[in-house]
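If you're matching positions, the sequence shown starts at 11 in my numbering and goes up one per residue.
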Amino acid sequence: MLHTTPAPSLDTLPTEVQCSIFRLLDSVGLISASQTCKSFRGIINPERRHFVERLLALECLEEHGGPSAIFRARDNALQPNWDDEKWESMRWACTGCLRLLPHRHFDNHSLLCLGYRKPVAGSPAAMAPSSWEPSGKIISNATRKRRRDTERRELKMLKRRYAIATTLN
11 MLHTTPAPSL DTLPTEVQCS IFRLLDSVGL ISASQTCKSF RGIINPERRH
61 FVERLLALEC LEEHGGPSAI FRARDNALQP NWDDEKWESM RWACTGCLRL
111 LPHRHFDNHS LLCLGYRKPV AGSPAAMAPS SWEPSGKIIS NATRKRRRDT
161 ERRELKMLKR RYAIATTLN
């Protein structure tokens with residue numbers, strides 16, 4: 011008699027292994043995994059900032075956020091121009107209502123400020139991993155704080171390099 015074993019699945023793995031896998035997901039994948047089943051939702055338990063991270067990641071994808079506007083501060087050149095029809099297909103993340111909205115809902119000057127610009131598709135800033143950490147006693151608060159501080163410093167340095175690269179063109 012042929013005896014077959016069922017194929018292993020993610021929900022049969024130990025919780026520690028699941029947490030290790032979830033830490034490697036991007037923000038879109040993390041929220042998708044949390045919406046898969048109750049046990050994953052209980053492990054991940056996403057907070058508002060995780061939904062904001064997912065929204066910002068979707069904003070960088072051309073199929074959701076549209077093309078990125080490129081502004082050169084050196085000569086005040088904007089691609090595409092304000093009167094181009096591509097502006098109507100662009101969307102920006104509103105962290106207040108957690109939706110992607112057209113430029114009419116924002117101050118256009120703010121959209122061109124360095125802090126609010128969409129990162130260029132494929133850049134490290136556009137592919138930022140999720141900041142999710144297991145909430146149990148698997149990781150200490152001090153370690154979590156150290157990692158968060160390191161990530162903030164790295165992001166700050168990345169933004170500085172981006173600012174230098176865009177203003178010295």
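Using N, Cα and C, we set each Cβ at its ideal position, and we do this for glycine too. Keep in mind that this is a model prediction, so the values were computed, not measured.
For GLU69 and ARG109, believed in contact at Cβ under 8 Å, the rounded distance: For the purposes of this step, residue 109 is identified with residue 99 of the sequence shown, where counting begins at 1. For the purposes of this step, residue 69 is identified with residue 59 of the sequence shown, where counting begins at 1. In fact, because the Cβ distance is near 10 Å, the residues do not count as touching under 8 Å.
Proximity winner among PHE32, LEU40, CYS123, relative to ALA83 (alpha-carbon distances): By one-based count along the sequence shown, residue 83 stands at place 73. Cα-wise, what sits closest to ALA83 is CYS123.
Secondary structure of TRP142, DSSP reduced to three states: Taking the first residue of the sequence shown as position 1, residue 142 is located at position 132. Three-state DSSP puts TRP142 in coil, outside helix and strand.
Per-residue DSSP class, three states only, for ALA103: Your numbering for residue 103 matches position 93 in the sequence shown. If DSSP states are grouped into helix, strand and coil, ALA103 belongs with the strands.
Residue environment, ILE31, which counts as buried when at least 16 other CB atoms sit within 10 Å: For this step, residue 31 is matched to residue 21 along the sequence shown. By the 10 Å Cβ count, ILE31 comes out exposed.
Sub-9 Å separation of ASP36 and ALA173 beta-carbons: As a working mapping, residue 36 is identified with position 26 in the sequence shown. As a working mapping, residue 173 is identified with position 163 in the sequence shown. Going by C-beta atoms, ASP36 is not nearer than 9 Å to ALA173.
CA-to-CA distance, ALA43 to GLY76, given in whole angstroms: Within the sequence shown, numbered from 1, the residue matching residue 76 stands at position 66. Within the sequence shown, numbered from 1, the residue matching residue 43 stands at position 33. The straight-line gap from Cα to Cα measures roughly 25 Å.
Local Cβ density within 10 Å of LEU40, reported as buried at 16 or more and exposed below that: Here residue 40 refers to the residue found at position 30 when the sequence shown is read from its first residue. So LEU40 counts as buried.
Span of the alpha helix (DSSP H) around ARG59: For the purposes of this step, residue 59 is identified with residue 49 of the sequence shown, where counting begins at 1. For ARG59, the enclosing alpha helix (DSSP H) covers residues 58 to 70.
First and last residue of the uninterrupted beta strand (DSSP E) at LEU40: The count along the sequence shown starts at 1 and reaches residue 40 at position 30. Premise fails: LEU40 lies in the alpha helix (DSSP H), 37 to 44, not in any beta strand (DSSP E).
Contact test: THR153 Cβ vs the ligand SAH heavy atom, cutoff 8 Å: Ligands in the displayed structure: none, and consequently the ligand SAH is not present.
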